[in-house]
Amino acid sequence: MFERLFPRRKPDPKPLPQPNAQLALGALLVRVAMADRDYNATEVGQIDRILAATFGLKPLEAAKLRATCEKLEMHAPGTPEFAAILRDEVPYADRKALADAMWAVALADGDRAEREEITLMAIETELGLTDEDIVTARRTALRQS
């Protein structure tokens, strides 16, 4: 009865961390996976593996990072802002590798979704990749899938 009269206030949510290269990459991986509105366990696992391999994290640490990136992706800046962080902090050759990783996420569920491809191409462009490198990353990913 008292609960209805005096409902407990929900605690204020923790503020989101300021995006850095690690969080920007994770948020963009999540954005690619969510682009087709079917964010599934296969894509989540692929994101976790990429984060673990890229940043030398244990599986639980990678999962926690991904969870933070999911929140950040929903409430934080758009693709250009995340890509700008990566352009500023990550060398070009490594940004090309990021594009390969994003393609791996987009194709992880075995479905080639147009929305994911459109999102991914926009991200690659924002990362400052050349048209030739974008086409090469796409071809390589489709051959491997």
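Under full-length UniProt numbering, the residue at position 116 of the sequence shown is numbered 116, and the numbers go up by one with no gaps.
Note that beta-carbon positions come from the ideal geometry of N, C-alpha and C, so glycine has one too.
Note that this is a predicted model, so its numbers are computed, not measured.
The alpha helix (DSSP H) spanning residue i covers which residue range?
i: glutamine 18; result: Looking at the DSSP string, glutamine 18 is not in any alpha helix (DSSP H), and its letter there is neither H nor E.
i: lysine 71; result: 59-75
i: arginine 49; result: 41-55
i: arginine 37; result: Run containing arginine 37: none; DSSP gives neither H nor E here.
i: leucine 129; result: Per DSSP, leucine 129 belongs to no alpha helix (DSSP H) and is neither H nor E.
DSSP three-state call for residue i: helix, strand or coil?
i: tyrosine 92; result: helix
i: leucine 86; result: helix
i: glycine 110; result: coil
i: phenylalanine 2; result: Confidence in phenylalanine 2 is poor, its pLDDT being 47 and thus under 50, which makes the residue's placement unreliable; the coordinate value appears in the next sentence. Reduced to three states, the DSSP call for phenylalanine 2 is helix.
i: residue 168; result: This structure leaves residue 168 out entirely; the chain is present only between 1 and 145.
One question on the structure: do residue i and residue j come within less than 9 Å of each other, judged by their Cβ atoms?
i: glutamate 43; j: alanine 137; result: no
i: alanine 33; j: glutamate 116; result: yes
i: glutamate 73; j: leucine 28; result: yes
i: cysteine 69; j: leucine 51; result: yes
i: glutamine 98; j: leucine 65; result: It should be pointed out that residue 98 corresponds to leucine in this sequence rather than to glutamine. Not in contact: leucine 98 and leucine 65 (Cβ atoms no closer than 9 Å).
i: aspartate 100; j: alanine 141; result: yes
i: aspartate 38; j: alanine 113; result: yes
i: threonine 79; j: arginine 139; result: no
i: valine 135; j: glutamine 46; result: no
i: phenylalanine 55; j: alanine 63; result: no
i: alanine 21; j: glutamate 132; result: no
Would you decide whether residue i is buried or exposed? Buried here means 16 or more other CB atoms lie within 10 Å of its CB.
i: methionine 1; result: Below a pLDDT of 50, predicted positions are generally treated as unreliable, and methionine 1, at 49, falls in that range; the measurement from the model is reported next regardless. So methionine 1 counts as exposed.
i: arginine 143; result: exposed
i: leucine 60; result: exposed
i: alanine 93; result: exposed
i: aspartate 36; result: buried
i: leucine 127; result: buried
i: phenylalanine 82; result: buried
i: glycine 110; result: exposed
i: glycine 19; result: The question names glycine, but residue 19 in the sequence shown is proline. Buried, by the Cβ-count rule.
Quick one: does residue i have its CB under 9 Å from some CB of chain D?
i: alanine 27; result: The structure shown contains no chain D; it is built from a single protein chain.
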